[in-house]
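Written out below as structure tokens is the structure these notes cover.
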Amino acid sequence: MKRPSIYAAALLLSVSASAEEAVIEGNVQSKCIINTDVNGVYGNPAPDKLSTLSTDGGVEPVIRFDVAVADYYLARITTPTGFSTSPSLSDTVTWTGSTSVGEVSDTGMSAYSTNKVTYDATTEFDLTIAGSTWFNVSSVAEYGYGRALPGGTYRSVVQAECIAK
Amino acid sequence: MRILLCIVALLGISLPAVAHEMTPTYPTFSPSYVNGLASTKMSVFNARDDVDFYEVAVYNPVWEPVPFAATDKILHVPFAEKKSFDVYVRDEDIARAVYICTLSKLRSDKPSNAIISSKICSRTDRAEFR
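Residue numbers (my numbering), protein chains in the order written: chain A, 11 to 175; chain B, 3 to 132.
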């Protein structure tokens, strides 16, 4: 008779142990994450031109900014104004570029396009809404006047910055 | 449903992991164990498989460099790892050390020809976080 009561007590103890609450804690910390979704590729539609535009056979870089808390960060994207790697060039290169808002995780982010500030090769967006914003970057390099770009590998750098306000 | 789950799983596997993250957004300086120096602890997470190194920099409100010390000014942060680092500034520089930034260092042998450099800056002068 004693044994069953011991088993019952042990069972009760184990039941009470398994009924302990497992607490899961978490907090949403303000932060910005820069995701380079697509690195981009230059197309060579003409002998003197390199372009990331799809109509020119290129691939536009796509950068995603994720912000956990609204209104804490500015996104600043600078399009290239020079090659980081290229063959020796004897003539000038004319650079044009632009940054536009692509997909958004919140419809209110469509205002980013109208509120953007552009200076030199830099475009600044005020990330006033928490969530993800995809930015499409275009870059076009035109060489000299009707001169063909020398053969070789060309690379340039798009700078994506997330600056706390 | 299973097919859908498989597609989602495959998409997750095939999507490149390419994120750069730094916390906290608003760090505060506190006295360090070295007399005359204040320090703050930062953390960088590297989910960019094309980047292994990040450069630390400190700037004033008009983006001029401010002298600082850190264990490493170029941090080696392997892919999918998080690294904490301390930034030290002189007591007299605390007021002008406004931005603490990490900048991805790109390899020249990268296959893609338009490369994205990422830079995240935290801000130390937000009074409400002091």
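Note that the Cβ used here is the ideal one computed from N, Cα and C, for glycine as well.
In this text the structure is predicted, and so the values were computed from the model without any measurement.
Does the beta carbon of residue i come closer than 8 Å to any beta carbon on chain A?
{"i": "Leu108/B", "result": "yes"}
{"i": "Thr73/B", "result": "no"}
{"i": "Ala137/B", "result": "With chain B running from 3 to 132 in the structure shown, residue 137/B is simply not present."}
{"i": "Ser124/B", "result": "yes"}
{"i": "Arg98/B", "result": "no"}
In chain A, what lies closer than 9 Å to residue i by C-beta?
{"i": "Ser120/B", "result": "Ile44, Asn45, Thr46, Ile73, Gln169, Ala170, Glu171 and Cys172"}
State the DSSP-derived secondary structure class of residue i, mapped to helix, strand or coil.
{"i": "Tyr122/A", "result": "helix"}
{"i": "Ala96/A", "result": "Residue identity differs from the one stated: residue 96/A is Ser in this sequence, not Ala. In this structure, Ser96/A counts as coil in the three-state DSSP scheme."}
{"i": "Asp95/B", "result": "helix"}
{"i": "Ile173/A", "result": "strand"}
{"i": "Ser119/B", "result": "strand"}
{"i": "Thr106/A", "result": "strand"}
{"i": "Asp66/A", "result": "helix"}
{"i": "Thr117/A", "result": "helix"}
{"i": "Thr128/A", "result": "strand"}
{"i": "Pro33/B", "result": "strand"}
{"i": "Arg86/A", "result": "strand"}
{"i": "Ala21/B", "result": "strand"}
{"i": "Asp136/A", "result": "strand"}
{"i": "Arg125/B", "result": "strand"}
{"i": "Asp101/A", "result": "coil"}
{"i": "Asp38/B", "result": "Note on identity: in this sequence residue 38/B is Gly, with Asp being the wrong assignment. Three-state DSSP puts Gly38/B in coil, outside helix and strand."}
{"i": "Arg132/B", "result": "Because Arg132/B carries a pLDDT of 44, less than 50, the predicted location of this residue cannot be relied on, and the following value inherits that uncertainty. Correct three-state label for Arg132/B: coil."}
{"i": "Val10/B", "result": "Because the pLDDT of Val10/B is 37, which lies under 50, any placement of that residue in the model is unreliable, and the question is left without a value."}
{"i": "Asp76/A", "result": "strand"}
So which residues on chain B does residue i lean against when the C-beta distance must stay under 8 Å?
{"i": "Thr117/A", "result": "Here the premise fails: no neighbours, minimum Cβ distance about 24 Å."}
Taking Cβ positions only, does residue i come closer than 8 Å to chain B?
{"i": "Arg157/A", "result": "no"}
{"i": "Tyr82/A", "result": "yes"}
Using a Cβ cut-off of 7 Å, pull out every chain B residue sitting near residue i, in sequence order please.
{"i": "Ser40/A", "result": "Thr27"}
Using a Cβ cut-off of 9 Å, pull out every chain B residue sitting near residue i, in sequence order please.
{"i": "Ser110/A", "result": "The premise fails here: Ser110/A is roughly 16 Å from chain B at the closest Cβ pair, so nothing lies under 9 Å."}
{"i": "Ser94/A", "result": "Leu108, Ser110 and Ile117"}
List the residues of chain A that residue i touches, going by C-beta distances under 7 Å, in chain order.
{"i": "Arg50/B", "result": "Thr46"}
**Request:** Select from the segment 49-61 of chain A all residues with a C-beta closer than 9 Å to any C-beta belonging to chain B, and list them in chain order.
**Result:** Asn49, Gly50, Val51, Tyr52 and Leu60
**Runs of beta strand (DSSP E) lying entirely within the segment 41-116 of chain B, each at least 3 residues, in chain order** = 53-61, 76-78, 83-92 and 101-108
**Message:** Against chain B, which members of the segment 122-138 of chain A pass a CB distance test of less than 8 Å?
**Reply:** none
**Message:** Just to confirm the assignment: which complete beta strand (DSSP E) runs, minimum length 3, are found wholly within the segment 28-59 of chain A?
**Reply:** 42-48 and 53-56
**Message:** What ranges does the beta strand (DSSP E) occupy inside the segment 138-175 of chain A, keeping only unbroken runs of at least 3 residues that lie completely in it?
**Reply:** 141-153 and 166-174
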